[in-house]
Every structure is written in structure tokens, then in C-alpha cells.
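Keeping their order, the protein sequence lines are chains A and B. Each residue of the first sequence is one higher than the one before, starting from -14 at the first, in the working numbering. Each residue of the second sequence is one higher than the one before, starting from -14 at the first, in the working numbering. Some notes on the structure that comes next.
2 protein chains.
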Amino acid sequence: MIQLSRPQIEALVSVDEAATEAVRDAYRAISDGRANLPPVGYLGFPAAHGDCHIKFGHIAGDTVFAVKIASGFYDNPAKGLPSSTGVVLVFSALTGQMEALLADEGYLTDLRTGLGGAVASLALCRPNSQRFVIVGSGTQAYWLARSLRHLMPKAEIAIWGRNAARASALVARLQGATVAPDLEQACRSADVILTATPAAEPLIQADWIRPGCHITAIGADSPGKQELETALVARADLRVADNIAQSLDHGEFAHARAAGLIGPGDCMELGAVLAGTSVRRAPDDITIADLTGVATQDIAMARLVLSRAKAAQ
Amino acid sequence: MIQLSRPQIEALVSVDEAATEAVRDAYRAISDGRANLPPVGYLGFPAAHGDCHIKFGHIAGDTVFAVKIASGFYDNPAKGLPSSTGVVLVFSALTGQMEALLADEGYLTDLRTGLGGAVASLALCRPNSQRFVIVGSGTQAYWLARSLRHLMPKAEIAIWGRNAARASALVARLQGATVAPDLEQACRSADVILTATPAAEPLIQADWIRPGCHITAIGADSPGKQELETALVARADLRVADNIAQSLDHGEFAHARAAGLIGPGDCMELGAVLAGTSVRRAPDDITIADLTGVATQDIAMARLVLSRAKAAQ
């Protein structure tokens, strides 16, 4: 059995072309019927302010399947521990034997989420998009910026954070990004907006968004979170989700759905967009992608790590 | 993180009083509302004749929770591999941190299932029961016999197997057990019958069972399996299950339910029986316990292994 720590996994896979293509294929696998994705397992620990999600699945033809066990315990920082952690287990889809324990502590989730946000943005924004605004200054904002830089080397990336010092610190870690001092102003001139905050009240208002703008929202992944004004989601010309059911249930699209403004028929699946079978935007369309996370991405990352670990042996 | 191999786990826990009490408490936790047991996760691999079950849960007050990933790939023996395998992961219920990887290869499942069968039998059989018949000669029959011997040292244990050589080999591994040459004859004189076979056709007929007999059935744990004639299940004076919904859906009681002969109201929960809050048998009652397996048992075993491993450090 292969057992890898976070530093070992970081050395094997980061923002690169194979990882990007793995993420793209993970989305396509949902839409073309290759993915077997049972419902996500959930355990709540209300007294400890924690929860655990168990994501698992298999992509037809893969020789492995993966189980990801990821926890968030929100009192952890006071104990000197990160609030999120996780492990990914890889098993043979031919014999059931455990092949690997990837003690990535959430690194692969951060990476695939950043790559997914960049992939969705590139697939849906206008080809001539220049001004990219990242809303948020945490771990996920970092990986979004890294992934955008990889996919669109000439993008102008501005970062806005509620905490200006954190935004400046993030910009200092990235090459060529700038701080956006004012969120409204940044949004009004943006070609692409990527949101990665834990906001429970909408940050981005509908009337800030100019025609042709694309927005990718990755922050809202559980009930009560919301980054975009409900009217903005309702007003969009095109809504895309990695998993439509999840997005309407507990993602960014849930609020517009709860208000009766949109339904499943008003959303498209990102995998179908990436397969080129569905969408074509008009230049002035406002488009929104909402990503709540899917297990095929975890499988894809685990498979890539494992193949590289075996090749390095 | 504590990491233990099967031999290390075998050295830490086997048929003993603490393990038995842990299994009893695991059943009670379901009935008294302490257990948080989400639906079992399932992945099928039909092309490889395999499947994977992911059981997880938490018992209120426990400082840990567990996730068990257990696979059966039925072409494995031809490849020189066991058909079943599994791992149990233990996490802190206070911080989400992974505390242990128990690479038990299914040992803890075998052990807790054997202990569970003996616990259920002792709870439900007449106090003066003497003649115990185990139907089956596989791994599970072995653990049932070991567990019965622990709980009822004076029990006369006879083993019947479809394959007489395997039954003899099993008897040779056990102290004081005998081979039952004829199944019908053994059943007709049995006080307690324990079935642990993968039978897809009923082995035990209703008219073989004398008044006062108790039967514990552990073999039928998925659709299509059946060890007891449907008429026997329907005829029983008392039906008990570790998990009533599972038993009626894909356990031994499923066939009588499908035939419209019994429903949920005709079954009692083993945890309630063990808590002493419910059942009292008449001496001539025929009673049946059906065990399909519950995650609280896996949690209880993992907790015991972990506490002993820490104590030994």
C-alpha cells in the first residue's frame, strides 16, 4: 500500500496541465454517464461545531475508486489545529484491495477546487476576457489565482478581501496580481468574477455586473451560505453547475430556487458545457457557474497522485 | 496516527468480555437513540463481480467516530486474494483529526458478527438451552462457535456444513464441538440454531423446528439470500432484528415481508431486547433473530482496539 503525506502529495501534483485535464474530465464524466456517484455521506457533530462529509464514487473504466473523508471542525483554530482536514483512500476497482492512503489534509480538495473554478471560468467567459477579480483572500482564493494564471497567463488578476491585510498578503504570494481596494468598483469593470468566501449574506449585487461578465461562485457549499444577490442569479442569461441538484439544494443557486425564480430546467451541467455539446454564449450574456464540488474530482486527483507515485517508485 | 495491521489487531482484541459488552452496547445504542447511523454507502462493480459498503456513524458521547470500508470481490480467490477485505478509520469526534487506520482486512467484522450472533442467541433462547447447532462451516461459523463457547461454556455445539470435510476441519479447530451429520435431525433436536451460510435457497424448514427453539440467522445480508423457509419466519412467535428496516429490506425477514406475511410491526429491535425494556418469551415460543450488521458494532470494535492500543503504548 502506498501511503503519502501532504508534503509528498504536494511534490507530486500541483497546478499543471495533467491536473487541469483530470479536473475537466471529472466534470465530463458526470455528464456523459461514466460516473457512479452515490449520495454524499454526512455526519454532524453539533456540540463540537463540526461535520464530516464522505464522498465516494467510481468512473467507468477506472481501475481504482476513491473514498474521501473530509471534516470541518470550526473550534479547531483555538486548539491550534486547522479547521478542515481530510484523507483520500484509493482502492482497486478490480479486487477491492486498498492501494493508497493519501493523508493530504485537504490539499487535493483545495487544488481541485481552484482548478475547477479556473476551468469553469475559461469555458464560460468571453474569449477576450482580461480583467479577473477574485473575491476572497483565503486558501481557495490562492488556488483560484494560481489556476487562472496557469490557464490564462495574460489575465489581469485583482484580489478583494474583506480583510485588506490578508488580501495584500495573498497578492504578495502571487506574481503580478494586484489588490482591488473597492469591491463594487472592481466588479463593475470585471470581465470575470470568481467568489471564494464563506459569506452568509450576498456580497455581489446584481446592478454591479455589466453585460458580458462571467461569474464563478465556489464559496456557497452548504445551506445558509450565499455570495451573489438572489436577483443576480435570477437575472443571469446562463446558469451552469457542476452538480445541478446540489447547487439548487445547498449551493449558490439554492436561494433563487427557494424564491421560486429558477428551477432545474434553468441550469446546465458544467460537464456538458466542457464536452462542447451544449452551450454558446452571446457576447453580452451574463453567465454564472456555481461549483459545490463533486467526487469525480477527488477520484481524478487521487488517480493522478497514485499514477505519479507509482511512476516515481 | 495509530496504524495497526491485522495481526496487531488480532493480538489486541478477540472473543473476550469487553468485546462482548461493546457489542451489546452497540445494539442498545441503536434502540435508545444514542446512535447516529446515516444510510450505508454502496458502490457496485458488476463487471468485476465486486461491491463495496461504506458504513459510518457516531454514538453520542463517544470521543471518536468510525468509517468502515469493506469490499467483496468474488473473483479474488482465483487471483490468490481473499474475497473480502476492509479497513476501519477512526477519527476524533472533537476535532475531526484521523486517529487510526485499522487495516483489519475484515477481522473486526468477523469478530463482531460472531459476538453479535452469540449475544442475540443468549438473550433470546430459553435459559436451559443445551444443544446448539451451527449451520455453516466458514469463517463466520468459527467466530460464532468461539463466541458461544465464551458466553455459554457448557453449550453442546454441533456443526453442520454442506461440505462435510470443511465441517470436520472446523470442528478440529474448536474445543469440544462435534460434527452434525444430518441437518434435519440436528435441527429437530436443537435448542438453538445459528445459521451462517451464503444460501440463496432456504436450508431450514419450518416443520423441523420444535417448540421453544431459538434461531439466529446471520447469513442473509443482501437481496436474494435466504437461510430459513419463509413459512418459518412467518410462523415464529417472536422476530428480532438488529436493524428492522435492513432485515425487512434485504435480510432474512425480507422474503416473508415480500410475501405480505409480516411487516415492521411484527419485529422487535435487538437493542431494546438487550436493554430489557421489551421482550419476554414463553417457554414454547419459537423465536428468530436476524442480524444484517450495523455500524455501531464497527464503531464499538474500533473504539476498543484503539483504547487498548493507546494503553499498550
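Note that beta-carbon positions come from the ideal geometry of N, C-alpha and C, so glycine has one too.
Taking 7 Å as the limit between beta carbons, can you name the residues of its chain near L255 of chain B, skipping five residues before and five after?
For the purposes of this step, residue 255 of chain B is taken as the residue at position 270 of the second sequence. Excluding positions up to five away in sequence, the list reads Y12, A105, V225, A226, D227 and A274.
**Message:** Please report the distance separating the alpha-carbon of P301 of chain B from that of R116 of chain B.
**Reply:** Because chain B spans -14 through 298 in this model, residue 301 of chain B falls outside it and cannot be assessed.
Leaving out five residues on either side along the sequence, give the residues of the same chain with a beta carbon under 6 Å from the beta carbon of V72 of chain B.
Taking the first residue of the second sequence as position 1, residue 72 of chain B is located at position 87. Cβ neighbours of V72 of chain B beyond the five flanking positions: I54 and A88.
May I ask you to list, following chain order, the residues of the stretch 226 to 241 of chain B that have a beta carbon less than 7 Å from some beta carbon of chain A?
-> none
When burial is assigned at 16 or more other CB atoms within 10 Å of the CB, is N113 of chain B buried or exposed? As a position in the second sequence, residue 113 of chain B is number 128, starting the count at 1. Exposed: under 16 other Cβ atoms inside 10 Å.
Cross-strand partners of G352 of chain A (DSSP beta bridge):
An answer regarding residue 352 of chain A cannot be provided, because it is not within the stretch -14 to 298 covered by chain A.
Taking the beta strand (DSSP E) that R224 of chain B belongs to, which residues open and close that run?
Counting from 1 along the second sequence, the entry for residue 224 of chain B is found at position 239. That run of the beta strand (DSSP E) goes L223 to A226.
Can you name, in chain order, every residue of its own chain whose Cβ lies under 6 Å from the Cβ of V302 of chain B, other than the five neighbours on each side?
No statement about residue 302 of chain B is possible, as the shown extent of chain B runs from -14 to 298 and does not include it.
| Among residues of its own chain, excluding the 5 on either side of L188 of chain A, which ones have a beta-carbon nearer than 8 Å to its beta-carbon? | For this step, residue 188 of chain A is matched to residue 203 along the first sequence. Hits under 8 Å: V120, L168, T180, T182, E212 and L213.
Please report how far the alpha carbon of I284 of chain B lies from the alpha carbon of P24 of chain A, in whole angstroms.
-> The residue labelled residue 284 of chain B in the question sits at position 299 within the second sequence. The residue labelled residue 24 of chain A in the question sits at position 39 within the first sequence. One C-alpha to the other measures close to 22 Å.
TODO: Give the residues from the stretch 19 to 30 of chain A that approach chain B closer than 7 Å (Cβ to any Cβ), ordered along the chain.
DONE: N21, P23, G26, Y27, L28 and F30
List the residues that DSSP assigns as beta-bridge partners of F50 of chain B.
Numbered from its first residue, the second sequence carries residue 50 of chain B at position 65. Per DSSP, B:F76.
#### Entry: Euclidean distance between Cα positions of A260 of chain B and F76 of chain B
The residue you call residue 260 of chain B lines up with position 275 of the second sequence. The residue you call residue 76 of chain B lines up with position 91 of the second sequence. Going from the Cα of A260 of chain B to the Cα of F76 of chain B covers about 28 Å.
| field | Assigned secondary structure, Q(-12) of chain A (DSSP; H/G/I helix, E/B strand, else coil) | value | The residue you call residue -12 of chain A lines up with position 3 of the first sequence. Reduced to three states, the DSSP call for Q(-12) of chain A is strand.
| task | Report yes if the C-beta distance between T272 of chain A and D206 of chain A is below 7 Å; otherwise report no. | result | What you label residue 272 of chain A is simply residue 287 of the first sequence in a count that begins at 1. What you label residue 206 of chain A is simply residue 221 of the first sequence in a count that begins at 1. No; because the gap between Cβ atoms is not below 7 Å, this pair is not in contact.
By the three-class DSSP mapping on this structure, what secondary structure does D275 of chain B have?
For this step, residue 275 of chain B is matched to residue 290 along the second sequence. Three-state result, D275 of chain B: strand.
ask   = Quick one, are the C-beta atoms of R9 of chain A and A45 of chain A less than 7 Å apart?
value = For the purposes of this step, residue 9 of chain A is taken as the residue at position 24 of the first sequence. For the purposes of this step, residue 45 of chain A is taken as the residue at position 60 of the first sequence. Not in contact: R9 of chain A and A45 of chain A (Cβ atoms no closer than 7 Å).
ask   = Would A14 of chain A count as contacting chain B if we go by Cβ distances under 7 Å?
value = As a working note, residue 14 of chain A is residue 29 in the first sequence. So, not an interface residue.
Run of the beta strand (DSSP E) containing W145 of chain B, from where it starts to where it stops | For the purposes of this step, residue 145 of chain B is taken as residue 160 along the second sequence, with counting starting at 1. Counting along the chain, the beta strand (DSSP E) containing W145 of chain B begins and ends at E141 to W145.
Taking Cβ-Cβ distances shorter than 7 Å, what residues in chain B pair up with V304 of chain A?
Coverage of chain A is limited to positions -14 through 298, which leaves residue 304 of chain A absent and any answer about it impossible.
* Determine the closest residue to P62 of chain A out of B:L79, B:A63 and B:F50, with distance taken between C-alpha atoms. => By one-based count along the first sequence, residue 62 of chain A stands at place 77. Nearest C-alpha to P62 of chain A: B:L79.
- Message: Once the 5 residues before and after R242 of chain B are set aside, which same chain residues still bring their CB inside 7 Å of it?
- Response: Taking the first residue of the second sequence as 1, we reach residue 242 of chain B at position 257. Same-chain partners within the cutoff: L233 and G248.
(request) Determine, using beta carbons only, whether L107 of chain B comes closer than 7 Å to chain A. (result) In the second sequence, the residue the question calls residue 107 of chain B occupies position 122. Cβ-Cβ to chain A under 7 Å: no for L107 of chain B.
Worksheet item: Tell me, which residues are paired with L356 of chain A by DSSP?
Response: Since the first and last residues shown for chain A are -14 and 298, residue 356 of chain A lies out of range.
Examine chain A for any beta-carbon lying closer than 7 Å to the beta-carbon of N61 of chain B, and answer yes or no. In the second sequence, counting from the first residue as 1, residue 61 of chain B sits at position 76. Judged by the 7 Å Cβ criterion, N61 of chain B is in contact with chain A.
Along chain B, which residues have their Cβ under 8 Å away from the Cβ of L136 of chain A? As a first step, residue 136 of chain A must be located in the first sequence, where it is residue number 151. Under the 8 Å cutoff, chain B gives no residues; its nearest Cβ is about 32 Å from L136 of chain A.
**Prompt:** Looking at chain A, which residues of the stretch 64 to 85 of chain B have a Cβ within less than 9 Å of any of its Cβ atoms?
**Reply:** K64, L66, S68, S69, T70, G71, V72, L74, F76, S77, A78, L79, T80, G81, Q82 and M83
*asked:* I'd like to check one pair, A216 of chain B with A185 of chain B: are the Cβ atoms closer than 7 Å?
replied: Translated into the one-based positions of the second sequence, residue 185 of chain B becomes position 200. Translated into the one-based positions of the second sequence, residue 216 of chain B becomes position 231. No, Cβ-Cβ distance for A185 of chain B and A216 of chain B is not below 7 Å.
Review point. What residues from chain B crowd round G91 of chain A, counting only those whose CB sits closer than 7 Å?
Key: Against the first sequence, residue 91 of chain A aligns to sequence position 106. Those do not exist, as G91 of chain A stays about 10 Å from chain B at its closest Cβ, beyond 7 Å.
Out of A:C198, A:G29 and A:A140, which has the shortest C-alpha to C-alpha gap to D269 of chain A? For the purposes of this step, residue 269 of chain A is taken as residue 284 along the first sequence, with counting starting at 1. If we check each option's Cα against that of D269 of chain A, A:C198 comes out closest.
Checklist line | Exposed unless 16 or more other CB atoms sit within 10 angstroms - verdict on G42 of chain A | finding: To locate residue 42 of chain A, count along the first sequence from 1; it is residue 57. Under this definition G42 of chain A is a buried residue.
Item to complete: Apply the 10 Å Cβ neighbour rule to S(-10) of chain A and answer buried if 16 or more other Cβ atoms are within range, or exposed otherwise.
Response: Here residue -10 of chain A refers to the residue found at position 5 of the first sequence. Exposed, by the Cβ-count rule.
May I ask you to list the residues that DSSP assigns as paired with N21 of chain B?
Counted from its first residue, the second sequence places residue 21 of chain B at position 36. Bridge partners of N21 of chain B: B:H43.
- In whole angstroms, what is the alpha-carbon distance linking F30 of chain B and C172 of chain A? Position 45 of the second sequence, counted from the start, is the residue given in the question as residue 30 of chain B. Position 187 of the first sequence, counted from the start, is the residue given in the question as residue 172 of chain A. Going by the C-alpha atoms only, they are around 47 Å apart.
### Task
Note down, one range per segment and in chain order, each alpha helix (DSSP H) of at least 4 residues found wholly within the stretch 171 to 235 of chain B.
215 to 220 and 229 to 235
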